[in-house]
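Colleague: Residue numbers (this note's numbering), protein chains in the order written: chain A, 1 to 239; chain B, 1001 to 1239.
Got a structure for you, questions after.
There are 2 protein chains.
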Amino acid sequence: MHFTSELRLDGGVLEREFTLGEIPGTLWTPGSEPAPLILMAHNNGLPKGDSRLVARARHSAAHGYAVATIDARGCGDRPRSAADEQARADLRRAMQAGEPVDEIFESFIGPLVEKAVPEWRTTLDALLSLPEIGGPVGFSGWTALGIRLVVVEPRIAAAGFFAGGYVPRAQREEARQVTVPLLFLLQWDDEGNPRQRALDLFDAFGTKEKTLHANLGGHTGTPWFEAEDGGRFYDRHLR
Amino acid sequence: MHFTSELRLDGGVLEREFTLGEIPGTLWTPGSEPAPLILMAHNNGLPKGDSRLVARARHSAAHGYAVATIDARGCGDRPRSAADEQARADLRRAMQAGEPVDEIFESFIGPLVEKAVPEWRTTLDALLSLPEIGGPVGFSGWTALGIRLVVVEPRIAAAGFFAGGYVPRAQREEARQVTVPLLFLLQWDDEGNPRQRALDLFDAFGTKEKTLHANLGGHTGTPWFEAEDGGRFYDRHLR
Chain A
1 MHFTSELRLD GGVLEREFTL GEIPGTLWTP GSEPAPLILM AHNNGLPKGD SRLVARARHS
61 AAHGYAVATI DARGCGDRPR SAADEQARAD LRRAMQAGEP VDEIFESFIG PLVEKAVPEW
121 RTTLDALLSL PEIGGPVGFS GWTALGIRLV VVEPRIAAAG FFAGGYVPRA QREEARQVTV
181 PLLFLLQWDD EGNPRQRALD LFDAFGTKEK TLHANLGGHT GTPWFEAEDG GRFYDRHLR
Chain B
1001 MHFTSELRLD GGVLEREFTL GEIPGTLWTP GSEPAPLILM AHNNGLPKGD SRLVARARHS
1061 AAHGYAVATI DARGCGDRPR SAADEQARAD LRRAMQAGEP VDEIFESFIG PLVEKAVPEW
1121 RTTLDALLSL PEIGGPVGFS GWTALGIRLV VVEPRIAAAG FFAGGYVPRA QREEARQVTV
1181 PLLFLLQWDD EGNPRQRALD LFDAFGTKEK TLHANLGGHT GTPWFEAEDG GRFYDRHLR
């Protein structure tokens, strides 16, 4: 893990860009150490530098968590294959036309999740070797990746998932294997995530300790107080 | 309003039983005044002295709220008519037998809500005349009553509703007139409140600012952290 920049924020939070082989990432660490860790995996359509994601990460770091995010292969600012670009274009066109998108979605997001998982695990290994990071480890964000990651990665002790209307078949089937405490956050009118599917997914998770939060509005309309609610969820399970 | 008993709790909270005409109630007030007020309307099957309700009220009062609850006509420890007793018995039997309960429920809960509303408004008048209570006013608990009350009572500025699977037709129709900020809390496997109906009701509320919380388990299984989340909801809207 090679740190390429360093920014000291108010409240003692240190924000550092890093590279780990081909993987670009950002790590926020609080003043106190060793800190519990939150893996903040963003929706593949957003770069890790998206301002809302950065605001959430800084908020969590200011409350005593180390937070890390990466652009996994094909995500954020990472190069995309011509096939990926085509699939994204097809998906956008089909959604705008109101056509069924399941198969496009499946062929596009399924492999993206498969490619992201080993990169996140490699990142987790590197993060946990840093003296400023202790544990336990929580996951936050991208539902499809999160399902896969908590199923294969016993070091993740709690998970906050967002949206979850479109999740590849493999992860929908794995949902019952998710047994860590779970906070599932969705937007009631999420234009890209059918509500009933998200509710069905919540129902399917195997964990006994699951909480659903939903707010009115579209995909990007999540109210800020959900960041604070999320913080308290991690406080209950990672402290 | 006639106070009949007084108990001083740790943290300076004063817990007083009162009567207001025929209406028996309990009022919790914090050390500081004048305090914002939460009307904590319990499910009609529970007496106001139920230990979980009392614990929630004490928690809110310790955080600076005046909290009031009453046993409205036919609720809690108040005398019930022979017809009410019969309806309750019919309802219990039908639910146990897995028979449709809508009509029994309608004929039983509909009038209960109608009778409770004026008693709650009379109580609100009396509470707001006390120097230790300022405002604004929030509602917490029984969904059917809460819908009716916030529609007719402009003094209520925010509402937390619980369960809401069985709500009389009149209140289901009024749901779109609910325009105050809303926290709707349900139990995912509530044996007495069909999930889909509760979700449909959440969808129907007219307010732009509505949040759904759901947790795994049956009617009485709400985790304690929801009392704290509820507290933060009122903090956002009543402070």
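The C-beta atom is built at its ideal place from N, Cα and C for all residues, glycine as well.
Values in this document were obtained by computation on a predicted structure and should not be read as measured data.
Do you know how far the Cα of L37 (chain A) is from the Cα of M1040 (chain B)?
Modeller: For the purposes of this step, residue 1040 (chain B) is taken as the residue at position 40 of the second sequence. For the purposes of this step, residue 37 (chain A) is taken as the residue at position 37 of the first sequence. Answer to the nearest angstrom: the Cα atoms are 39 Å apart.
Colleague: With which residues is G49 (chain A) paired in a DSSP beta bridge?
Modeller: The residue you call residue 49 (chain A) lines up with position 49 of the first sequence. DSSP lists no partner for G49 (chain A).
Colleague: Report the residue from A:R88, A:V152, A:I156 and A:P131 whose alpha carbon sits nearest the alpha carbon of R139 (chain A).
Modeller: As a first step, residue 139 (chain A) must be located in the first sequence, where it is residue number 139. The displayed chain sequence assigns Phe, not Arg, to residue 139 (chain A). Nearest of A:R88, A:V152, A:I156 and A:P131 to F139 (chain A), Cα basis: A:I156.
Colleague: Is W1120 (chain B) helix, strand or coil when you go by DSSP?
Modeller: By one-based count along the second sequence, residue 1120 (chain B) stands at place 120. DSSP places W1120 (chain B) in helix when its eight states are reduced to three.
Colleague: Where do the ends of the alpha helix (DSSP H) carrying E6 (chain A) lie?
Modeller: As a position in the first sequence, residue 6 (chain A) is number 6, starting the count at 1. Note, E6 (chain A): premise wrong, no alpha helix (DSSP H); beta strand (DSSP E) at H2 to R8.
Colleague: If you reduce the DSSP assignment to three classes, tell me which class G1160 (chain B) lands in.
Modeller: By 1-based counting over the second sequence, the position of residue 1160 (chain B) is 160. Of the three classes helix, strand and coil, the one that applies to G1160 (chain B) here is strand, per DSSP.
Colleague: Provide the residue span of the alpha helix (DSSP H) that contains T1143 (chain B), from first to last.
Modeller: The count along the second sequence starts at 1 and reaches residue 1143 (chain B) at position 143. From DSSP, the alpha helix (DSSP H) with T1143 (chain B) extends over T1143 to V1152.
Colleague: Just confirm the distance between the C-beta atoms of T26 (chain A) and E17 (chain A), as a whole number of angstroms; I'd bet it's less than 8 Å.
Modeller: Reading the first sequence from its first residue, position 26 is the one you call residue 26 (chain A). Reading the first sequence from its first residue, position 17 is the one you call residue 17 (chain A). At roughly 6 Å, the Cβ-Cβ gap stays under 8 Å, so T26 (chain A) and E17 (chain A) are in contact.
Colleague: Between the Cα of P154 (chain A) and those of A:P47, A:H219 and A:T179, spot the shortest distance and give me the residue it belongs to.
Modeller: Residue 154 (chain A) sits at position 154 when you count from the first residue of the first sequence. Selected option, being the one with the closest Cα: A:T179.
Colleague: Establish whether the CB of D200 (chain A) and some CB of chain B are separated by less than 8 Å.
Modeller: As a working note, residue 200 (chain A) is residue 200 in the first sequence. No, its Cβ sits nowhere closer than 8 Å to a Cβ of chain B.
Colleague: Would you please state the rounded distance, in angstroms, between the beta carbons of A1227 (chain B) and H1059 (chain B)? I believe it to be under 8 Å.
Modeller: Within the second sequence, residue 1227 (chain B) is the residue found at index 227, counting from 1. Within the second sequence, residue 1059 (chain B) is the residue found at index 59, counting from 1. Right, the Cβ-Cβ distance comes to about 5 Å (below 8 Å), so this counts as a contact.
Colleague: Which residue's Cα is closest to the Cα of W224 (chain A): A:R52, A:T19, A:F3 and A:S5?
Modeller: The residue labelled residue 224 (chain A) in the question sits at position 224 within the first sequence. Nearest of A:R52, A:T19, A:F3 and A:S5 to W224 (chain A), Cα basis: A:R52.
Colleague: Which stretch, first to last residue, makes up the alpha helix (DSSP H) that contains Q1171 (chain B)?
Modeller: Start at 1 with the first residue of the second sequence, and residue 1171 (chain B) comes out as number 171. Residues R1169 to E1174.
Colleague: May I have the straight-line CA-CA distance separating K115 (chain A) from I70 (chain A), to the nearest angstrom?
Modeller: Counting from one through the first sequence, the residue named residue 115 (chain A) turns up at place 115. Counting from one through the first sequence, the residue named residue 70 (chain A) turns up at place 70. Rounded to the nearest angstrom, the two C-alpha atoms are 13 Å apart.
Colleague: Are the beta-carbon atoms of G135 (chain A) and F233 (chain A) separated by less than 8 Å?
Modeller: By 1-based counting over the first sequence, the position of residue 135 (chain A) is 135. By 1-based counting over the first sequence, the position of residue 233 (chain A) is 233. Contact: no.
Colleague: Here's a check: name, in chain order, each residue in its chain whose Cβ is nearer than 6 Å to the Cβ of A214 (chain A), leaving out the five neighbours to either side.
Modeller: In the first sequence, residue 214 (chain A) corresponds to position 214, counting from 1. L186 and W188, listed in sequence order.
Colleague: Could you list which residues in chain A have their beta carbon closer than 9 Å to that of K1210 (chain B), in chain order?
Modeller: Locating residue 1210 (chain B) in the second sequence gives position 210, counting from the first residue. Under the 9 Å cutoff, chain A gives W188, A214, N215 and L216.
Colleague: Roughly how many whole angstroms lie between the Cα atoms of G1206 (chain B) and L1149 (chain B)?
Modeller: As a working mapping, residue 1206 (chain B) is identified with position 206 in the second sequence. As a working mapping, residue 1149 (chain B) is identified with position 149 in the second sequence. Computed Cα separation, rounded: 15 Å.
Colleague: Short of 7 Å in beta carbon distance, which residues of its chain neighbour S1005 (chain B), apart from the five on each side in sequence? Order them along the chain.
Modeller: Residue numbering aside, residue 1005 (chain B) sits at position 5 when the second sequence is read from its first letter. These residues qualify, in order along the chain: R1016 and E1017.
Colleague: Mind pulling the chain A residues with CB within less than 8 Å of R1236 (chain B)?
Modeller: Walking along the second sequence from the start, residue 1236 (chain B) turns up at place 236. Those within 8 Å of R1236 (chain B) in chain A are F225.
Colleague: Counting only Cβ pairs nearer than 7 Å, list the residues of chain B close to D229 (chain A).
Modeller: As a working note, residue 229 (chain A) is residue 229 in the first sequence. Residues of chain B passing the Cβ test: D1229.
Colleague: Determine the DSSP secondary structure at P111 (chain A), reduced to helix, strand or coil.
Modeller: Translated into the one-based positions of the first sequence, residue 111 (chain A) becomes position 111. Here P111 (chain A) sits in helix by DSSP.
Colleague: Taking C-alpha atoms, which residue in A:L7, A:G231 and A:G164 lies nearest to D200 (chain A)?
Modeller: One-based indexing of the first sequence puts residue 200 (chain A) at position 200. Nearest of A:L7, A:G231 and A:G164 to D200 (chain A), Cα basis: A:G164.
Colleague: Using the Cα positions of G1192 (chain B) and F105 (chain A), report the straight-line distance between them to the nearest angstrom.
Modeller: Here residue 1192 (chain B) is taken as the residue at index 192 of the second sequence, counted from 1. Here residue 105 (chain A) is taken as the residue at index 105 of the first sequence, counted from 1. Approximately 38 Å between the Cα atoms of the pair.
Colleague: Using 10 angstroms around the beta-carbon of L9 (chain A), count the other beta-carbons present and answer buried if the total reaches 16, otherwise exposed.
Modeller: Indexing the first sequence from 1 puts residue 9 (chain A) at position 9. Counting Cβ neighbours within 10 Å, L9 (chain A) comes out exposed, since fewer than 16 surround it.
Colleague: According to the neighbour-count rule (16 or more other Cβ atoms, all chains shown, within 10 Å of its Cβ), is T19 (chain A) buried or exposed?
Modeller: Stepping through the first sequence from its first residue, residue 19 (chain A) is reached at position 19. T19 (chain A) is exposed by the Cβ-count criterion.
Colleague: Go to E1015 (chain B), then tell me how far its beta strand (DSSP E) extends in each direction, as first and last residue.
Modeller: Looking up residue 1015 (chain B) in the second sequence gives position 15. Residues L1014 to L1020.
Colleague: In chain order, what residues of the same chain have a beta carbon less than 6 Å from the beta carbon of A1057 (chain B), not counting five sequence neighbours either side?
Modeller: On the second sequence, residue 1057 (chain B) is found 57 positions in, with the first residue counted as 1. Excluding sequence neighbours, A1057 (chain B) sits near W1028, M1040 and V1067.
Colleague: Given G12 (chain A), which residues of its chain have a CB within under 6 Å of its CB, disregarding the five upstream and five downstream residues?
Modeller: Position 12 of the first sequence, counted from the start, is the residue given in the question as residue 12 (chain A). Once the five neighbours on either side are set aside, the close Cβ partners of G12 (chain A) are G31.
Colleague: With H, G and I counted as helix, E and B as strand and the rest as coil, what does DSSP make of G98 (chain A)?
Modeller: Stepping through the first sequence from its first residue, residue 98 (chain A) is reached at position 98. G98 (chain A): coil per DSSP, three-state reduction.
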